[in-house]
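In full-length UniProt numbering, the protein residues as written are 413 to 705.
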Ligand code: ADP
Ligand code: MG
């Protein structure tokens, strides 16, 4: 393509809400055959809500919310913000943790009111050899069967509760998947979240292939594996935990509503956080470079 055509294509992209890092990006965009999509914040709104609390016999819902809420209030993760907001709404202002650490892909740990607290995936509790009692196992299974994320709460070496959180699929996501398929692309959902939750979201938007329960540092390996199969991979993401995969992908697309880390690692930014713009970008690249007229 001529420099003029590339400039026109880049300008047209800006009109469509697509920021393109450089003219050479259009060439890689044109060749993509597989689109890996992060779930939380990309296919879904990422705005989580706390829907229910299931406490063990040793405690009550208000105490769970005060302790888990205080710890999560120190984290920027969408799940953490939902837990903190829910806790404030039901129990009032929260304590400040005496100690706090974020454990990427697993949850948070810290000290609240003298208690050693864990909030996150069951796997986080398992690392401390804390098991869920039967009633919490059941609460977790029920939550996940209905497509919600079950977050475990433990303190002082004992599992205390299961919190149910959920976020909504963006109303543009299903149409975006339809458009990507119409362009001959294969969509794959990639997430650190539970398989049951991921399957529910995938079914809602029309994705057949799901890769779930992937640790943040392993997302990049999923992209490499697909590339090793000879695929030309686009990755769409929004989080800090997507940055390495976005950089590894043949084409990285960041949600403009996402983190700076994701935007910096990407070749394209979908300014409005509308997934349909991913399909527009690929169509635009093909047009600009003459595959479609
Ligand atoms: P995703 O890939 O869907 O964007 P992450 O890799 O950030 O998700 O997190 C994976 C899983 O780890 C979450 O679905 C959640 O179960 C758990 N998790 C991570 N951070 C937190 C937190 N601050 N509080 C509770 N759970 C968390
Ligand atoms: Mg995300």
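A virtual CB, placed ideally from N, CA and C, is assigned to each residue, including glycine.
Own chain residues within Cβ distance below 6 Å of residue i, not counting five before or after
i	result
residue 511	522 and 523
residue 487	514 and 520
residue 621	600
residue 666	674, 675, 678 and 681
Close beta carbons around residue i, own chain, < 8 Å, minus the five adjacent residues each side
i	result
residue 420	700
Given residue i as reference, the closest of the options once Cα atoms are compared
i	options	result
residue 599	416, 447 and 417	447
residue 670	564, 489 and 557	489
residue 607	626, 672, 594 and 632	626
residue 685	424, 564, 415 and 429	429
residue 494	596, 687, 461 and 415	461
residue 435	449, 479 and 417	417
Exposure label - residue i; buried when at least 16 CB within 10 Å
i	result
residue 427	exposed
residue 692	buried
residue 470	exposed
residue 540	exposed
residue 441	buried
Range covered by the beta strand (DSSP E) that runs through residue i
i	result
residue 667	663-667
Host alpha helix (DSSP H) of residue i (start-end)
i	result
residue 560	No alpha helix (DSSP H) contains residue 560, which DSSP labels as neither H nor E.
residue 594	585-594
residue 601	Where residue 601 is concerned, there is no enclosing alpha helix (DSSP H), although the beta strand (DSSP E) it sits in stretches over 598-602.
Cutoff 7 Å; reference residue i; Cβ partners in own chain excluding five residues on either side
i	result
residue 466	548, 551, 573 and 574
residue 545	468 and 571
residue 576	463, 464, 555, 560 and 562
Heavy atom of ligand 3 within 6 Å of residue i beta-carbon
i	result
residue 456	Ligands in the displayed structure: ligand 1 and ligand 2; ligand 3 is not one of them.
* Asked: Per the contact definition of three or more C-beta pairs closer than 8 Å, is the stretch 548-561 in contact with the stretch 501-511?
  -> no
* To do: Could you tell me whether the stretch 468-488 touches the stretch 517-536, where touching means 3 or more Cβ pairs closer than 8 Å?
  => yes
* Asked: With contact counted as at least three CB pairs below 8 Å, one residue from each stretch, are the stretch 670-681 and the stretch 651-659 in contact?
  -> yes
* Does the stretch 450-465 touch the stretch 576-587, meaning 3 or more C-beta pairs lie closer than 8 Å? -> yes
* To do: Inspect the CB distances between the stretch 631-640 and the stretch 614-621 and report whether three or more fall short of 8 Å.
  => no
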